[in-house]
Amino acid sequence: MKRDVNQCPVCDAALQVTELSCTRCETRLVGVFPPPPLARLPLEQQRFVEVFLRCRGVLRDVERALGVSYPTVRARLDAAVDALEDLTPPPSPPETTRPDRAEEKRKEILQAVAEGRTDAAEAALALRRLGQTG
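Numbered according to the working numbering, the sequence shown terminates at residue 142, and the numbering increases by one at each position without gaps.
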């Protein structure tokens with residue numbers, strides 16, 4: 009019988025991945041590799057998520073597959089979502105970055121027109137070229 013190994017068989021503590029190896033060239037990576045959030049869910053919730061996905065998220069089908077009521081399916085789904093939210097940090101707000109090089113170049117072109125260092129036709133051509141590359 010195939011068995012999921014995610015806890016120590018001696019003391020029930022969580023196991024961690026410390027080595028990865030390539031099946032083709034036998035390269036080995038050694039370190040501590042954190043498991044993805046789904047793998048950190050309790051086994052019961054992992055199995056629920058598997059059934060949920062196989063049923064393509066149709067709760068009535070999950071109900072039938074597990075032989076439980078709709079409210080039970082809903083409660084298990086909510087519990088799995090809550091557990092995943094606890095395991096994953098909230099998305100960080102986008103970083104404020106300096107304008108990209110293309111934006112800086114556009115401003116330079118427009119500034120050159122405003123200062124009379126280039127005419128509008130040359131500026132339009134330069135902006136078109138910039139739009140194709142930037």
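Even glycine gets a Cβ: it sits at the ideal position worked out from N, Cα and C.
Being a predicted model, the structure only gives us computed values, none of them experimental.
Tell me which residues share the same chain as residue i and place their Cβ nearer than 7 Å to its Cβ, disregarding the 5 neighbours each side in the sequence.
i: Arg114; result: Leu135 and Leu138
i: Val13; result: Leu23
i: Ala128; result: Val121
i: Ile117; result: Ala131, Ala134 and Leu135
With DSSP as the reference, label residue i as helix, strand or coil.
i: Ala131; result: helix
i: Leu28; result: strand
i: Ala120; result: helix
i: Ala22; result: strand
i: Pro45; result: helix
i: Arg114; result: helix
The beta strand (DSSP E) that contains residue i, what's its start and end?
i: Arg36; result: Arg36 to Phe41
On a CA-only basis, which of the options is nearest residue i? Give me that one, please.
i: Gln53; options: Asp108, Thr80, Arg68 and Ala120; result: Thr80
i: Ala21; options: Phe56, Arg48 and Thr31; result: Arg48
i: Phe56; options: Val89, Glu112, Gln15 and Ala129; result: Val89
i: Arg84; options: Glu58, Pro98 and Thr96; result: Glu58
i: Gln15; options: Leu51, Cys30 and Thr31; result: Leu51
i: Ala43; options: Ser29, Val25, Glu123 and Arg36; result: Residue 43 is actually Pro in this sequence, not Ala. The option with the nearest alpha carbon to Pro43 is Val25.
i: Gly75; options: Phe60, Glu116 and Ala87; result: Phe60
Hey, could you find the ends of the alpha helix (DSSP H) residue i is sitting in?
i: Thr80; result: Tyr78 to Leu95
i: Val13; result: It is not in any alpha helix (DSSP H) - Val13 carries neither H nor E in the DSSP assignment.
i: Leu74; result: Leu67 to Leu74
i: Arg62; result: Leu51 to Arg62
Under the rule that 16 or more other beta-carbon atoms within 10 Å means buried, what is residue i, buried or exposed?
i: Val38; result: exposed
i: Val70; result: buried
i: Arg41; result: Checking the sequence, you will find Phe at residue 41 rather than Arg. Classification of Phe41: exposed, given that the 10 Å Cβ count is below 16.
If I measure Cβ to Cβ from residue i and keep anything under 8 Å in the same chain, skipping five residues before and after, which residues do I get?
i: Leu95; result: Pro45, Arg48 and Leu49
i: Cys63; result: Asp69, Val70 and Ala73
i: Tyr78; result: Leu67, Arg68 and Glu71
i: Pro101; result: none
Using a Cβ-Cβ cut-off of 6 Å (strictly less than) and excluding sequence neighbours within five positions of residue i, which residues of its own chain qualify?
i: Thr35; result: none
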